[in-house]
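Taking it in order: structure first as structure tokens, then the write-up.
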Amino acid sequence: MELKNDLILRAAKGESIERYPVWLMRQAGRILPEYRAVRNSLSGFKELVETPELAAEVTIQPVDLLGVDAAIIFSDILVVPEAMGLTYEMVEKRGPWFPKTIRSKEELKYAETDFNIEDRLGYVTEAIRITNKELNGRVPLIGFAGAPWTIFCYMTEGQGSKTFSVARKILYTDPDLAHELLDRITTVTIAYLKSQIKAGAHMLQLFDSWAGILGKDQYAEFGVKYIKKIADAITEVPLTLFSKGAFHSIVDLANLNCNTIGMDWQMDPVSFREVIGESRTIQGNLDPAVLYGTHASVEDLTNKMLHTFKSQRHIVNLGHGVYPDIDPEKVKTFIKTVKNYEIIY
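Numbering (numbering that gives the first Met the number 0), first residue to last: 0 to 344.
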């Protein structure tokens, strides 16, 4: 199906664009009353993730209501460990909870790799197919997965954490176990991402939300090493790597087989561009908290950010996911400001 708006794909590939494309991480849901209406009609978050028709509906809502230049499939990074055999619960006001964890070689039985992706994650690929049909080429659809290190954190810790000390402990006390589990996660993630491409995802993003809790050497060994395997395997569509807080590893990531590197809001676009050069597209990086301000301040700070860009190779986004209590009208001001900005070099 021919796309009517392919700005984000052209930006990712380094092709000419007439304006910067814009979308938001976590745009599918969270801030929209229309999303909450769907969510509140169900038993829980996981029912929405696992119901393709409804996942497609909330995926499309930001395209209709906010005017973003791409949709991102509504799902969760934790569908991968669940498909592998480590089930999780989404506890209200607490986040993900894994009744079982993997902290020993005996518990690797909860990390299966020999299964058919469609059998266990077919609800995601079906949601992609439905979404593309209903979008009818208006904008591209982004697929995604969690990076192996971030998935490892949840599979070993069993819940969210500020330090993920259990996960980090394993890196020192049983590195062989760590590498075995990371390798299994990587194998399944590659198969999962390829199934998303086959279903119709136009580009992919890999989220490494907990990259910043590791030092440079550890992240090279237990993070970048496995991202590289995924990046080398994904050749069919543009790939974005977003490693939050990994300031020390930007060059390592930019040297991988990817199109785009994501910045969090603590990174400086000018310095970032100087470090990675012109061979990669940058994505980001307005501080999500800016959107709590007035419409005038949102417009002013968005323009200030845009003025720092020194290349057309840029996809505009926030430096992390949009916060759930942000006014959708402020988001619209952000998007409108980006769309009205004239690229001049």
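Where a beta carbon is used, it is the ideal one built from N, C-alpha and C, also for glycine.
Every value quoted in this text rests on a predicted model; they were computed, and no experiment measured them.
(Q) Below 8 Å on the Cβ atoms is my contact criterion, and I expect residue 67 with residue 26 to pass it. Report the Cβ-Cβ distance as a whole number of Å. (A) Numbered from 1 along the sequence shown, position 68 holds the residue referred to as residue 67. Numbered from 1 along the sequence shown, position 27 holds the residue referred to as residue 26. Yes, they are in contact, since the Cβ atoms of residue 67 and residue 26 sit about 6 Å apart, within 8 Å.
Q. Taking the C-alpha atoms as reference points, what is the distance between residue 90 and residue 35?
A. Translated into positions along the sequence shown, residue 90 becomes position 91. Translated into positions along the sequence shown, residue 35 becomes position 36. About 17 Å.
Q: Could you tell me the boundaries of the alpha helix (DSSP H) in which residue 180 lies?
A: Taking the first residue of the sequence shown as position 1, residue 180 is located at position 181. 174–198 is the span of the alpha helix (DSSP H), which, as asked, contains residue 180.
Q.
Can you give me the C-alpha to C-alpha distance between residue 15 and residue 277, rounded to a whole angstrom?
A. In the sequence shown, the residue the question calls residue 15 occupies position 16. In the sequence shown, the residue the question calls residue 277 occupies position 278. Whole-angstrom Cα-Cα distance: 14 Å.
Q: Report all residues from its chain with a CB closer than 6 Å to the CB of residue 123; omit the five preceding and five following residues, and keep chain order.
A: On the sequence shown, residue 123 is found 124 positions in, with the first residue counted as 1. Cβ-Cβ distances below 6 Å link residue 123 to 74 in the same chain, with the five nearest sequence neighbours on each side left out; the list follows chain order.
Q) What residue ranges within the stretch 272–299 form continuous beta strand (DSSP E) runs of no fewer than 3 residues, ordered along the chain? A) The qualifying runs are 280–285.
(Q) Given this structure, state the Cα-to-Cα distance separating residue 324 from residue 93, to the nearest angstrom. (A) The residue labelled residue 324 in the question sits at position 325 within the sequence shown. The residue labelled residue 93 in the question sits at position 94 within the sequence shown. Their backbone Cα atoms lie some 17 Å apart in a straight line.
Q. Cβ of residue 137 within 8 Å of Cβ of residue 4?
A. Here residue 137 is taken as the residue at index 138 of the sequence shown, counted from 1. Here residue 4 is taken as the residue at index 5 of the sequence shown, counted from 1. Yes; because the gap between Cβ atoms is below 8 Å, this pair is in contact.
Q: Using the Cα positions of residue 37 and residue 47, report the straight-line distance between them to the nearest angstrom.
A: Stepping through the sequence shown from its first residue, residue 37 is reached at position 38. Stepping through the sequence shown from its first residue, residue 47 is reached at position 48. Between residue 37 and residue 47, the C-alpha separation is close to 8 Å.
**Q.** Proximity test, residue 100 beta-carbon vs the ligand NAP heavy atom, cut-off 7 Å
**A.** For the structure depicted, the ligand NAP is absent and the ligand set is empty, with no information on it obtainable.
**Q.** Inter-stretch contact (C-beta, 8 Å, three-pair minimum) for the stretch 154–170 and the stretch 199–215
**A.** At 8 Å Cβ cutoff, the stretches touch.
Q) Of the residues 286, 270 and 194, which one's Cα is nearest the Cα of residue 115? A) Here residue 115 corresponds to residue number 116 of the sequence shown, with the count starting at 1. Answer by Cα proximity: 194.
**Q.** Nearest residue (CA-CA) to residue 244, options 300, 141, 8 and 149
**A.** Numbered from 1 along the sequence shown, position 245 holds the residue referred to as residue 244. Among 300, 141, 8 and 149, the Cα nearest to that of residue 244 is on 149.
(Q) Would residue 249 and residue 233 qualify as a contact pair, given that the criterion is a beta-carbon distance under 8 Å? (A) The residue labelled residue 249 in the question sits at position 250 within the sequence shown. The residue labelled residue 233 in the question sits at position 234 within the sequence shown. No, these two residues do not count as a Cβ contact at 8 Å.
Q) Does the Cβ-Cβ distance between residue 332 and residue 289 come in under 8 Å? A) Residue numbering aside, residue 332 sits at position 333 when the sequence shown is read from its first letter. Residue numbering aside, residue 289 sits at position 290 when the sequence shown is read from its first letter. No, the Cβ-Cβ distance between residue 332 and residue 289 is not below 8 Å.
**Q.** Rounded C-alpha distance that separates residue 202 from residue 2
**A.** For this step, residue 202 is matched to residue 203 along the sequence shown. For this step, residue 2 is matched to residue 3 along the sequence shown. C-alpha separation (whole angstroms): 13 Å.
Q) Which two residues bound the contiguous alpha helix (DSSP H) that contains residue 44? A) By 1-based counting over the sequence shown, the position of residue 44 is 45. Residue 44 -> alpha helix (DSSP H) spans 44–48.
Q. In whole angstroms, what is the alpha-carbon distance linking residue 255 and residue 316?
A. Position 256 of the sequence shown, counted from the first residue, corresponds to residue 255. Position 317 of the sequence shown, counted from the first residue, corresponds to residue 316. Each residue's alpha carbon lies about 21 Å from the other.
Q) Shortest alpha-carbon distance to residue 113 belongs to which of 58, 186, 45 and 41? A) Working through the sequence shown from its first residue, we reach residue 113 at position 114. Ranking 58, 186, 45 and 41 by Cα distance to residue 113 puts 186 first.
Q) In terms of alpha-carbon separation, which member of 301, 326, 13 and 241 lies closest to residue 147? A) Mapped onto the sequence shown, residue 147 falls at position 148. Nearest of 301, 326, 13 and 241 to residue 147, Cα basis: 241.
(Q) Please return the same chain residues whose Cβ sits closer than 8 Å to the Cβ of residue 17, not counting the five positions on each side in sequence. (A) Here the question's residue 17 lines up with position 18 in the sequence shown. If we look at residue 17 and ignore the five residues flanking it on each side, its Cβ neighbours are 6 and 342.
Q. DSSP beta-bridge partners for residue 315?
A. Numbered from 1 along the sequence shown, position 316 holds the residue referred to as residue 315. BP columns for residue 315 point to 21 and 283.
Q) Counting pairs of beta carbons, one from the stretch 279–288 and one from the stretch 305–316, are three or more of them closer than 8 Å? A) yes
Q) Who are the Cβ neighbours of residue 133 in its own chain at under 7 Å, not counting the five residues just before and after it? A) For the purposes of this step, residue 133 is taken as the residue at position 134 of the sequence shown. Once the five neighbours on either side are set aside, the close Cβ partners of residue 133 are 55 and 59.
(Q) For residue 9 and residue 52, I'd like the C-alpha separation in whole angstroms. (A) Taking the sequence shown and counting its residues from 1, one reaches residue 9 at position 10. Taking the sequence shown and counting its residues from 1, one reaches residue 52 at position 53. Rounded to whole angstroms, residue 9 to residue 52 spans 29 Å at the Cα level.
Q. Within 10 angstroms of its Cβ, does residue 174 collect 16 or more other Cβ (buried), or is it exposed?
A. Position 175 of the sequence shown, counted from the start, is the residue given in the question as residue 174. So residue 174 ends up on the exposed side.
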